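Chemist: Okay, here's the structure, questions in a sec.
There are 2 protein chains.
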Amino acid sequence: MDQLNFAGRVAVVTGAGGGLGKAYALLLGSRGAKVVVNDLGSARDGVGKSKFADLVVQEIKDKGGIAVADYNSVVEGEKIIKTALDNFGRVDILINNAGILRDKSFQKMSEQDWDLIQAVHLKGAYKTTQAAWETFKKQKYGRIIMTTSNAGLFGNFGQANYSAAKMGLVGLASTLAIEGAKYNIKVNTIVPTAASRLTEDILPPEMFQAMKPDLIAPVVAYMVHESFTDSGLIIDSTLGFATKTHLVRSQGAPLRKKPSDPVTIESVRDNWSQVVNMENAQRIEKIAEVTVDLVEKLQDFEERCKLDGQNESYWGKYKYNSKDLVCYALGVGASVVNPSDLKFLYESHESFSALPTFFILPGMLMESPVVGKAMPPGKYADFTNILHGEQYIEFLSDLPGTEGEFTVRNYVVDLLDKGSSAVAVVNSEIYQNKELVIRTQQHIFVLGQGGFGGPRNSKQAIAVEAVPKRSPDAVLEQRTAEDQAALYRLSGDLNPLHIDPNVATASGHPRPILHGLASLGFSARHVLMKYAGNDASNVKALKARFAKPVLPGQTLITEMWLEGKRVHFQTKLKETGNIVIASSYMDLKNVIKDGAPASNQKMAAPSASSLKSDSLFAKIEDGIKANPDKAKSVGAVYLYNITLNGKTVKQWTLDLKSALAVYQGEPKSGKADTTMTVSDDDLMEIAAGTLSPQVAYLKGRLKISGNIMLAQKLGPLLKSEAKL
Amino acid sequence: MDQLNFAGRVAVVTGAGGGLGKAYALLLGSRGAKVVVNDLGSARDGVGKSKFADLVVQEIKDKGGIAVADYNSVVEGEKIIKTALDNFGRVDILINNAGILRDKSFQKMSEQDWDLIQAVHLKGAYKTTQAAWETFKKQKYGRIIMTTSNAGLFGNFGQANYSAAKMGLVGLASTLAIEGAKYNIKVNTIVPTAASRLTEDILPPEMFQAMKPDLIAPVVAYMVHESFTDSGLIIDSTLGFATKTHLVRSQGAPLRKKPSDPVTIESVRDNWSQVVNMENAQRIEKIAEVTVDLVEKLQDFEERCKLDGQNESYWGKYKYNSKDLVCYALGVGASVVNPSDLKFLYESHESFSALPTFFILPGMLMESPVVGKAMPPGKYADFTNILHGEQYIEFLSDLPGTEGEFTVRNYVVDLLDKGSSAVAVVNSEIYQNKELVIRTQQHIFVLGQGGFGGPRNSKQAIAVEAVPKRSPDAVLEQRTAEDQAALYRLSGDLNPLHIDPNVATASGHPRPILHGLASLGFSARHVLMKYAGNDASNVKALKARFAKPVLPGQTLITEMWLEGKRVHFQTKLKETGNIVIASSYMDLKNVIKDGAPASNQKMAAPSASSLKSDSLFAKIEDGIKANPDKAKSVGAVYLYNITLNGKTVKQWTLDLKSALAVYQGEPKSGKADTTMTVSDDDLMEIAAGTLSPQVAYLKGRLKISGNIMLAQKLGPLLKSEAKL
């Protein structure tokens, strides 16, 4: 029996003599609710009493329902609620539907036009609702509907009074949803568009004819059913469609450069475009979030201003996902030909990880104007006269996960005068969840813009180190592909020097050259393979100098020298013998020499406190206990890696083979048959049925290793258990 | 002189005896406005008259300003406006700021608490505003501020009366913004958070102390300045920050399967998750858009239902951009080694285009459940038992542009019973702007799921055609890369069969195999090169059958036969001689034999009606006329390609060399020195200064060919002219 019914419930519908209200009353009456059919009762000519409510009551009764008519005005709402209590002994549902119109252009609107509309719509709803509120609180149950209008939400010519009242109801509903929460009183707002003059001119006639209240009534009925537990929603419905509306807020902007500056009309103007930029607008669910958000933004602003006080900074965001990592890895020559590279190329690999040099990219914020701004008067820098000279990266924390978002600060720490050219030393600080996780430093040559009398060297610059004089301890050779630069460009650096033959020629190259960072990616991979067990998390820092260009298709020879935990390296071209990457080094946490596989470290025991999916595994455990035979028939051991920001933060074992148990961590005995890696959020979506496991898998959001077929066996189980 | 001033303006500020209102009055007074300082005038104890307004007036006067006090209640708003007219002869600015609080939990709220709050906030603003409205209309100038609160926007415990009144003001402002539009009356709403009990408990004390009205007043002052032309905004400000809030609406959902179905409470429930899904929520600017949106959705719904009535369909969206095209082209073997391929690999190439086979991808909607759903009882299909058998694509319109969005319909037209296996014939219809532009058809083998007594053949299936028996007219050979599948996966098909050695082995392959569509991409490119001048727009249709798997690294040999405008082809493996793509053909619009470059067709004369950027070029023309010497100093001819959806729809020539002219179309004589390709929207952003040309260029949004240096010369000119 799938029908939603209202047996035992008493519903009050105001303005139910006709139209929408009548449709609500009839529908609720047909589904078992006892209905108070309220209607104002004055006929249209203002003389005598209409019998509209009586007719609706009769129609409900004719269909076997129970209803009573009420002719009180909503501004005496307490009388309407009394009708319910007197006749049925309770009240559970209140639909504030009564309404009238007094449309006038604003100048012509009389005070009476204003007052009457406020009284019927806003005060009426206040009165009826307040009259029912005590009962609702006592019985810990209530369902309330407010009726608003698109004229309220968006404004409408000639309806100043009406749009004010209708938006007022939205405000009232918001507060009542909050006050009613702990008493199971749900307050929602409907925006019903029925056939009206408003729509008559715009809609095709057949559509206008079709705007029947019957198409809206089921929406309202659903929203007052006991199974409906949302509150504070604004739902628009007409013609068998429904949409939800809510407010979102821009990220906004500070209105001054630093906290000690005054806010002026001019500083407001200068920051306005950012204030009204709705690009990353967010939903605020509760008023308290406004304050929390404000405190965070103020702290950020103050911290940034402190930093900016030292060096003028540019702040940006950098987002990446597993596809970006794979694309980058191919761009720097990782290959399936080398089995230990598969973990950089296959997002479902059990050790899937970023290459360490990938994290140089967030610091290359292309929109950053810091170099241009740092130039002295008369000198300039733009992409036509700059060259990447040196690169440094240092990991201050673990290697970041396989997807995530960084906040990046870019600033010039020193501008050096090298005679004919200038060199900007650009630092990037890369934050994740407010923690500084990576530092990078670029030396940017600005050709022909030296000679301004600046310092020649900088204490802040991280220096290269000459490689040892002995012959190298290890050498790796790899050919770049003809399309290496075309491929590396997909990682974001679209400078045409790397693809456009004309631009390359104009810059004095026989053909487009490979990105310096692409060559460095090769070299770093070579060091990683020879001395770090090809394990990206082994890298602490890297420093490199770009000495000469590489043409795609040329062969790179990386020469390496091990000194303690530092691997010095340089890279030569096989074709010319030229050193293209010079005086470079990589610092490692652990040296793992060539051939030795990376120590199969257990990953740092994940210890996330509570995750959303915890409840899911508790339910699965209950399900297994309730139905052990069904569980045992699966006959396999599953390991779930639950991730946040692309990092496993918790593991769950589902042993449906022998132990029939669900517990945190890896399998206590033996090995998982199937390992699934999925984010906490995605797992909840899969369990809720809003994300199909198959889609999740094919889109790389659910990663499965081991026996895939067994994962399929689990799918239905997981889902049905989750719905217990 | 950059200061914004209010000389000659008369401002009325209600509730200006202290707090925010006082700050507004002082600031406006200090910037030249004549100010009516309204304050209710009863002291806090209700006895006697306060002199707060007098004190504020004195403070304004002491600083050399002009002001007058007014002690009327806002519910007699006409008297306050009269004060302005009597004293200063006009009124330009009205800031509705007066307010009080009567916080009570809803049950305890007295009718007086309710009425008083409505009267002061809502009715007061109505009264003052209406009193000023006639003057504003007559003089065609007015600036109005309503004051709302986060308690109104988000609800707040104990403020049912206040949140209703405050949200009512938002509704009033929306309608007045509309009614005032043609009279230059701007109506905006401020959400000022000053220090209050609300914030006292939550904020750090020093932050609470810092919540000064002075930090908010400049925001309000900016919003009532004559230079401020937005209307209907809701702006939140405190502590030197500001944000904008507005409503957005979900895409919503139909509440039934087809128009002839009834809407029931249950059908509402079943569609609810889509109704409230805010993922692609959109801003509605005007109430009329609600109706337009509705009409469109209804038409879509009806059309889809008609189609679904024939075959149950799955509808999806597919978005792509130039990066996707380049990634795909590399995935199917396009290479910079072949100069005529550069146009598939370089987004700024003057002939940048998609490969035709790229447009097979939208039909491969991975989330589509149509094949699984089409299986007869007892049979199933999922990614573990399906194989791509055949592929067809047909272009019904021009080749789509280099970025865009499609709406895609997927449905199974026939399910064939081939004995041991089933074959689902899946059609995809690909729409752009409601026009059907591409059809594709896949034959999907469902292994081991035949034998259900279905038909063996389908009239709807597009058949392959055997290749001619003679030896091929042309042959092209190309080796795939070892990492070809790893690279092709970036185009979206993440099936592990193509990367995971274990999965490949389990499926009986020695190692991961190449995607059939990747091999087909190679073959289609070969035909394109040999017979279509490597011009993707030359392709009408393509049909192919996948006969055997290819391993990455193997060499493909495409054999071709020309018959009229049809090129028959098959593809063999060099290593084994096996035919991997069989009985295939490509239909061309024009046959262009090997070696002959694609006829340098003029592109179909773009003929977009009006674009946003039209006004920009008009302004540039004015600028050139106003300052011909400056223009001539540039000394170059520029061609702008203005795009919509990645297609050039209009061209503009800026001749700053000899003719000094701006006109539509290509240069009338000679060739452009620099060609810039940019979307209409991006060009407007560049001109407005919100997008830096350099960033646009480096992100591939502004494409430049020819002399890049000359483009830089133009940048500042374009910008300054646009600001004229």
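In the order they appear, the protein sequences are chains A and B.
Take the first sequence: its position 622, counting from 1, is numbered 621 in numbering that gives the first Met the number 0, and each next residue is one higher.
Take the second sequence: its position 44, counting from 1, is numbered 43 in numbering that gives the first Met the number 0, and each next residue is one higher.
Where is the CB? At the ideal position from N, CA and C, for every residue including glycine.
Source: prediction; values computed, not measured.
DSSP three-state label for D85/B, please.
Modeler: helix
Chemist: Would you call A671/B buried or exposed, if buried means 16 or more other Cβ atoms sit within 10 Å of its Cβ?
Modeler: buried
Chemist: Run through DSSP, which three-state label would M374/B get?
Modeler: coil
Chemist: Kindly say whether C304/A, judged by its beta-carbon, lies nearer than 8 Å to any beta-carbon of chain B.
Modeler: no
Chemist: Give, in chain order, every residue of the stretch 489-518 of chain A whose Cβ lies closer than 9 Å to some Cβ of chain B.
Modeler: L489, G491, D492, L493, N494, P495, I498, D499, P500, N501, V502, A505, R510, P511
Chemist: Need the endpoints of the beta strand (DSSP E) that H245/A sits in, please.
Modeler: 240-248
Chemist: Can you give me the start and stop residues for the beta strand (DSSP E) that V9/A sits inside?
Modeler: 9-12
Chemist: At least one CB of chain B closer than 8 Å to the CB of L293/A: is that the case?
Modeler: yes
Chemist: If I'm right that V186/A touches I143/A with Cβ under 8 Å, what's the distance once you round it to whole angstroms?
Modeler: 4 Å
Chemist: Mind checking whether A193/B and M210/B have CB atoms under 8 Å apart?
Modeler: yes
Chemist: Check the DSSP bridge columns for I92/A and list the partner residues they point to.
Modeler: A10/A, R142/A
Chemist: Can you have a look at G141/A and say buried or exposed, based on whether 16 or more other CB atoms are within 10 angstroms of its CB?
Modeler: buried
Chemist: How should N501/A be labelled, buried or exposed, when 16 other C-beta atoms within 10 angstroms of its C-beta is the threshold for buried?
Modeler: exposed
Chemist: Give the straight-line distance between the Cα atoms of A68/A and S236/A, rounded to the nearest whole angstrom.
Modeler: 27 Å
Chemist: According to DSSP, is D260/A part of a helix, a strand, or is it coil?
Modeler: coil
Chemist: Given a limit of 9 Å on CB to CB distance, which residues of the stretch 161-180 of chain A reach chain B?
Modeler: Result list: Y161, S162, A163, A164, K165, M166, G167, L168, V169, G170, L171, A172, S173, T174, L175, A176, I177, E178, G179.
Chemist: Between R255/A and chain B, is the shortest Cβ-Cβ distance under 8 Å, so that the two count as touching?
Modeler: yes
Chemist: With a 10 Å radius around its C-beta and 16 neighbouring C-beta atoms as the bar for buried, classify E178/B as buried or exposed.
Modeler: buried
Chemist: Compare the C-alpha of I65/A against each of H508/A, A83/A, G76/A, D323/A and name the closest.
Modeler: A83/A
Chemist: What number of angstroms, rounded off, separates the C-alpha of S668/B from the C-alpha of A658/B?
Modeler: 10 Å
Chemist: Let me make sure I understand the geometry here. Which of Q459/B, A686/B, G403/B has the alpha-carbon closest to that of K646/B?
Modeler: When each option's Cα is compared against that of K646/B, the closest is G403/B.
Chemist: Compute the Euclidean distance between the alpha carbons of Q208/B and T290/A, then round it to the nearest angstrom.
Modeler: 15 Å
Chemist: Name the chain B residues that come within less than 9 Å of H245/A, Cβ to Cβ?
Modeler: L246, V247, R248, S249, M277, A280
Chemist: Given a cut-off of 8 Å on the beta-carbon distance, is the pair H387/A and Q441/A in contact?
Modeler: yes
Chemist: Which whole-angstrom value describes the C-beta separation of P368/A and E481/A, a residue pair presumed to lie in contact below a C-beta threshold of 8 Å?
Modeler: Not a contact, Cβ separation roughly 35 Å.
Chemist: Given that a residue counts as buried once 16 or more other Cβ atoms are within 10 Å of its Cβ, and exposed if not, what is F451/B?
Modeler: Counting of Cβ neighbours within 10 angstroms places F451/B among the exposed residues, the total staying below 16.
Chemist: Taking 7 Å as the cut-off, is the beta-carbon of Q663/A closer than that to any non-hydrogen atom of the ligand GTP?
Modeler: Questions concerning the ligand GTP fall outside what the structure shown contains, since it holds no ligand whatsoever.
Chemist: Residues in the same chain with beta-carbon distance under 7 Å from Y345/B, minus the five sequence neighbours each way, listed in chain order, please.
Modeler: F351
Chemist: Please report the distance separating the alpha-carbon of L152/A from that of A164/B.
Modeler: 15 Å
Chemist: Please state the DSSP three-state secondary structure of E434/A.
Modeler: strand
Chemist: Can you have a look at M528/B and say buried or exposed, based on whether 16 or more other CB atoms are within 10 angstroms of its CB?
Modeler: buried
Chemist: I'd like the list of long-range same chain contacts for Y182/A, defined as Cβ closer than 6 Å, with 5 residues on each side in sequence excluded.
Modeler: Contacts found: K136, K139.
Chemist: What residues in its chain sit with their C-beta under 6 Å from that of G315/A, if we drop five residues either side in the sequence?
Modeler: L364, V407
Chemist: Bridge partners of H583/A, per DSSP?
Modeler: For the sequence presented, residue 583/A should be read as Ser rather than His. Note: S583/A sits in a beta bridge opposite F568/A.
Chemist: Could you say if the stretch 466-478 of chain A and the stretch 545-559 of chain A meet the contact criterion of at least three C-beta pairs nearer than 8 Å?
Modeler: yes
Chemist: Determine which residues share a DSSP beta bridge with V407/B and list them.
Modeler: DSSP lists G315/B, I429/B as the bridge partner or partners of V407/B.
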